[in-house]
Amino acid sequence: YIMLTRRKPFVGNSTVEVLHQIEFAEPKPPRQIDDSIPTELERICFRAIEKRASQRYSTAADFAADLQAFLEDEDERDSRTGDTITQIDQSPSRSSASATTDMAQQTTRPDIEQPRVVPRGLRSFEENDAEFFLNLLPGPRDRNGLPESLRFWKSRVEEADREKSFSVGLIYGPSGCGKSSLVKAGLLPLLDDSIKTIYLEATRDHTEAQLLKSLRDRFPDIPEEATLADAMAGLRRGLFQPLNCSILVVIDQFEQWLHVPRSLAEAELTQSLRQCDGENVRCLLMVRDDFWMSATRLMRELEEKIVEGWNSASVDLFNPAHAKKVLTAFGVAYGQLPNRPAELTADQNQFLDDAVESLAQEGLIVSVRLAVFAEMMKNRPWTTAELRQLGGTTQLGVAFLDDTFSRPSTPPERRVHEHAARAVLQLLLPVAGSDLKGHRRSVEELRLVSGYVDKPREFRELIEMLDGSLRLISPVDDTASEVAEAESHGNYQLSHDFLVGSLRDWLTQKQRETLRGRAQLVLAERADMWATRQEQKQLPSLLEWARIALWTKPAERKALFRSS
Numbered sequence: 131y132i133m134l135t136r137r138k139p140f141v142g143n144s145t146v147e148v149l150h151q152i153e154f155a156e157p158k159p160p161r162q163i164d165d166s167i168p169t170e171l172e173r174i175c176f177r178a179i180e181k182r183a184s185q186r187y188s189t190a191a192d193f194a195a196d197l198q199a200f201l202e203d204e205d206e207r208d209s210r211t212g213d214t215i216t217q218i219d220q221s222p223s224r225s226s227a228s229a230t231t232d233m234a235q236q237t238t239r240p241d242i243e244q245p246r247v248v249p250r251g252l253r254s255f256e257e258n259d260a261e262f263f264l265n266l267l268p269g270p271r272d273r274n275g276l277p278e279s280l281r282f283w284k285s286r287v288e289e290a291d292r293e294k295s296f297s298v299g300l301i302y303g304p305s306g307c308g309k310s311s312l313v314k315a316g317l318l319p320l321l322d323d324s325i326k327t328i329y330l331e332a333t334r335d336h337t338e339a340q341l342l343k344s345l346r347d348r349f350p351d352i353p354e355e356a357t358l359a360d361a362m363a364g365l366r367r368g369l370f371q372p373l374n375c376s377i378l379v380v381i382d383q384f385e386q387w388l389h390v391p392r393s394l395a396e397a398e399l400t401q402s403l404r405q406c407d408g409e410n411v412r413c414l415l416m417v418r419d420d421f422w423m424s425a426t427r428l429m430r431e432l433e434e435k436i437v438e439g440w441n442s443a444s445v446d447l448f449n450p451a452h453a454k455k456v457l458t459a460f461g462v463a464y465g466q467l468p469n470r471p472a473e474l475t476a477d478q479n480q481f482l483d484d485a486v487e488s489l490a491q492e493g494l495i496v497s498v499r500l501a502v503f504a505e506m507m508k509n510r511p512w513t514t515a516e517l518r519q520l521g522g523t524t525q526l527g528v529a530f531l532d533d534t535f536s537r538p539s540t541p542p543e544r545r546v547h548e549h550a551a552r553a554v555l556q557l558l559l560p561v562a563g564s565d566l567k568g569h570r571r572s573v574e575e576l577r578l579v580s581g582y583v584d585k586p587r588e589f590r591e592l593i594e595m596l597d598g599s600l601r602l603i604s605p606v607d608d609t610a611s612e613v614a615e616a617e618s619h620g621n622y623q624l625s626h627d628f629l630v631g632s633l634r635d636w637l638t639q640k641q642r643e644t645l646r647g648r649a650q651l652v653l654a655e656r657a658d659m660w661a662t663r664q665e666q667k668q669l670p671s672l673l674e675w676a677r678i679a680l681w682t683k684p685a686e687r688k689a690l691f692r693s694s
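The numbering of the sequence shown is my numbering, which starts it at 131 and goes up by one.
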């Protein structure tokens with residue numbers, strides 16, 4: 131770093147301050163100090179000073195190999211540039227503008243503007259987003275610009291030797307961490323043409339049928355009478371498919387299938403996945419990390435040992451520095467921030483820092499939080515004054531939920547379910563004082579509170595909206611000790627801790643407009659707190675009790691504390 135920039139990466143007033151920066155701060159990119167430094171050399175430098183040892187070069191030989199490859203590429207570019215100049219001299223009919231265009235196509239230009247992000251809200255990125263998606267991923271890059279998270283899976287999937295590949299792999303991480311985007315916009319577009327991919331999203335009851343249909347659509351020679359296991363076995367033996375190709379089956383949201391209690395040994399999908407051999411057929415399962423035990427049981431049934439760094443890998447959460455970079459890209463996409471980071475004003479930089487800090491949990495950020503925040507702010511100025519005026523990220527969440535369900539511009543298919551959605555979300559809220567999503571309810575409880583007991587189609591639309599398009603609720607991994615009713619119908623909980631505070635404020639905003647409503651909220655909050663821990667400090671204060679006694683009915687007070 132010092133040889134490139136002629137300055138130290140970290141400077142402080144004391145040794146302690148410098149050591150703190152080394153551990154927690156990010157150095158200024160060398161190209162911001164000297165834009166003549168090649169992009170590839172900056173990448174090599176940054177990888178060499180990564181915070182985590184696992185993300186740095188593992189050996190000096192690897193470091194030297196990247197530097198040697200850079201020097202060879204430089205020599206090759208110089209040679210091509212000389213050839214181009216000679217061609218210009220010998221071909222007066224060619225304009226200098228045409229020659230410059232050719233050189234731009236042949237040379238990696240660090241000053242070329244990067245592709246602009248196209249935000250997708252709460253939806254995952256798709257294959258069409260591959261051009262810009264790599265810039266959103268964290269972690270060190272290899273010499274081809276691939277982040278380690280993608281390089282790992284690409285090399286594993288394309289490995290021809292079954293002893294060095296995998297049969298069934300797992301990608302796991304918390305809800306909203308970007309697993310789907312990583313595969314759809316990152317991995318699949320990069321795979322060699324010899325890899326034929328089948329992608330589908332799991333459902334509770336129809337995953338096998340969807341997979342068989344997808345296989346038949348892709349490989350029409352599969353016999354009509356063949357079962358899913360027959361089709362997978364035939365593909366493993368090289369039937370029904372072109373020569374010299376292998377198949378990768380990707381099943382996203384696999385927790386949906388795991389959510390249904392079933393005999394894993396006898397399940398049709400289990401029998402089919404046993405046909406994966408790591409050479410002709412592979413399968414990649416994407417699953418939420420809180421379904422890890424269920425996924426482990428399935429892998430045990432498949433006789434596949436889970437080995438981190440071999441057939442399984444987690445999706446990294448963002449550190450604050452990378453989260454700021456991604457949020458900046460969203461701001462540029464929405465036209466709220468300038469194209470170049472160097473053009474950000476001090477207030478815009480402070481806005482980004484404040485937003486990232488408020489979105490972080492234990493110093494890390496789930497990527498969906500950035501997407502939700504950017505979606506909320508897309509039509510508002512990205513300034514600290516605006517963020518303060520909105521009351522921070524919680525009140526911004528209330529505005530987002532209003533836009534989602536109750537504004538005149540809200541799609542009619544959402545507005546028609548607003549009352550039922552409010553009732554379901556209210557039931558799923560955790561007790562007062564908690565911002566965790568851990569409050570789970572059975573499907574039958576949701577059906578009852580929604581008012582759709584005798585309206586199966588409307589209830590299905592409601593759940594598909596809340597779980598599918600909006601991702602506000604998610605199925606919960608049931609343990610073997612669940613009661614029979616829960617095993618039969620399943621449980622749901624809120625998807626993201628991030629929206630708990632916003633949901634609570636949104637659901638109670640009308641109550642908070644009146645004295646009676648505010649008294650009812652205090653009563654309900656104290657009842658929840660007493661139910662959680664029966665201590666004197668959980669009871670209402672004298673002033674609170676006076677307000678409760680004045681504005682609520684005795685029946686309300688008795689009912690709440692009796693239920694507690």
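Here a beta-carbon is modelled for each residue, glycine too, at the ideal position from N, C-alpha and C.
In chain order, what residues of the same chain have a beta carbon less than 7 angstroms from the beta carbon of residue i, not counting five sequence neighbours either side?
i           : result
residue 342 : 358, 361
residue 474 : 467, 468
residue 151 : 140, 142
residue 315 : 255, 256, 257, 259, 260, 263
residue 136 : none
residue 403 : 298, 413, 432
residue 579 : 553, 554, 557
residue 577 : 583, 589
Taking Cβ positions, are residue i and residue j nearer each other than 8 angstroms?
i           : j           : result
residue 179 : residue 131 : yes
residue 591 : residue 547 : yes
residue 558 : residue 632 : no
residue 533 : residue 514 : no
residue 386 : residue 333 : yes
residue 196 : residue 273 : yes
residue 352 : residue 364 : yes
residue 673 : residue 555 : no
residue 381 : residue 416 : yes
residue 550 : residue 249 : no
residue 394 : residue 348 : no
residue 529 : residue 500 : no
Considering only residues of the same chain and omitting the five flanking positions on each side of residue i, which have a CB-CB separation below 6 angstroms?
i           : result
residue 283 : 317
residue 606 : 570, 621, 623
residue 441 : 296, 299
residue 459 : 247
residue 177 : 270
residue 311 : 254, 255
residue 234 : Residue placement at residue 234 is poorly supported in this model, since its pLDDT is 29, which falls under 50; the coordinates still yield a value, given next. Cβ within range, chain order: n/a, list empty.
residue 163 : 135
Measuring only the C-alpha atoms, how far is residue i from residue j?
i           : j           : result
residue 423 : residue 467 : 43 angstroms
residue 199 : residue 255 : 32 angstroms
residue 432 : residue 379 : 16 angstroms
residue 261 : residue 448 : 20 angstroms
residue 291 : residue 572 : 46 angstroms
residue 304 : residue 208 : 47 angstroms
residue 438 : residue 324 : 26 angstroms
residue 278 : residue 267 : 9 angstroms
residue 696 : residue 181 : What the structure shows of the chain is the stretch from 131 to 694, and residue 696 is not part of that stretch, so it cannot be assessed.
residue 147 : residue 488 : 25 angstroms
residue 587 : residue 593 : 10 angstroms
residue 418 : residue 335 : 18 angstroms
residue 158 : residue 149 : 16 angstroms
residue 601 : residue 253 : 9 angstroms
residue 309 : residue 355 : 35 angstroms
residue 596 : residue 634 : 16 angstroms
residue 471 : residue 193 : 29 angstroms
Leaving aside the five residues before and after residue i along the sequence, list all residues of the same chain whose C-beta is less than 8 angstroms from its C-beta, in chain order.
i           : result
residue 707 : With the chain running from 131 to 694 in the structure shown, residue 707 is simply not present.
residue 138 : 131, 132
residue 512 : 461, 466, 467, 478, 481, 482
residue 429 : 298, 300, 435, 436
residue 220 : Per-residue confidence for residue 220 stands at a pLDDT of 49, beneath the threshold of 50, marking its modelled position as unreliable; the derived number appears in the next sentence. Closer than 8 angstroms at Cβ, skipping near neighbours: no residue.
Less than 8 angstroms between the CB atoms is what I'm expecting for residue i and residue j, so what's the real figure, rounded?
i           : j           : result
residue 175 : residue 201 : Their Cβ separation, rounded to whole angstroms, is 15 angstroms, which puts residue 175 and residue 201 out of contact at 8 angstroms.
residue 450 : residue 486 : 5 angstroms
Under the DSSP definition of a beta bridge, which residues are partnered with residue i?
i           : result
residue 418 : 303
residue 462 : Answer by DSSP bridge pairing: none, since residue 462 is not bridged.
residue 331 : 382
residue 131 : According to DSSP, residue 131 bridges with nothing at all.
residue 548 : DSSP output for residue 548 lists no bridge partner at all.
residue 443 : 301
residue 438 : 442
Confirm the yes/no value for this check: CB of residue i, any heavy atom of the ligand ATP, distance under 7 angstroms.
i           : result
residue 367 : With respect to the ligand ATP, the structure shown offers nothing to examine, as it has no ligands at all.
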